[in-house]
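Student: Numbering-wise (the working numbering), the sequence shown opens with residue 562 and increments by one.
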Amino acid sequence: PLGESKRGGEVYRLYDVGGQRNERRKWIHLFEGVNAVIFCAAIS
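1) Using the three-state DSSP reduction, which class does Leu575 fall into: helix, strand or coil?
2) One question on the structure: do Asp577 and Leu563 come within less than 8 angstroms of each other, judged by their Cβ atoms?
3) Among Gly569, Glu571, Leu575, Arg586, whose alpha-carbon lies nearest the alpha-carbon of Pro601?
4) State the beta-bridge partners of Gly564 as determined by DSSP.
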């Protein structure tokens, strides 16, 4: 992961998977057991 933070018993991890659509099989396992996904995109 690019970063990891723990708050109130929850663990937050940041991954950059942008531009890697053709390599999903390599990173899809990172989403096992995930309760939420937050998407970020530049608007400029």
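Even for Gly, the Cβ is constructed at its ideal location relative to N, Cα and C. Small disclaimer: the values here were computed from a predicted structure and weren't measured.
Tutor: With the structure as the only source:
1) The residue labelled residue 575 in the question sits at position 14 within the sequence shown. Note: Leu575 maps to strand in three-state DSSP.
2) As a first step, residue 577 must be located in the sequence shown, where it is residue number 16. As a first step, residue 563 must be located in the sequence shown, where it is residue number 2. In contact: Asp577 and Leu563 (Cβ atoms closer than 8 angstroms).
3) What you label residue 601 is simply residue 40 of the sequence shown in a count that begins at 1. At residue 601 the sequence reads Cys, which differs from the Pro that was named. Nearest of Gly569, Glu571, Leu575, Arg586 to Cys601, Cα basis: Leu575.
4) Residue 564 sits at position 3 when you count from the first residue of the sequence shown. According to DSSP, which records beta bridges pairwise, Gly564 is partnered with Leu575.
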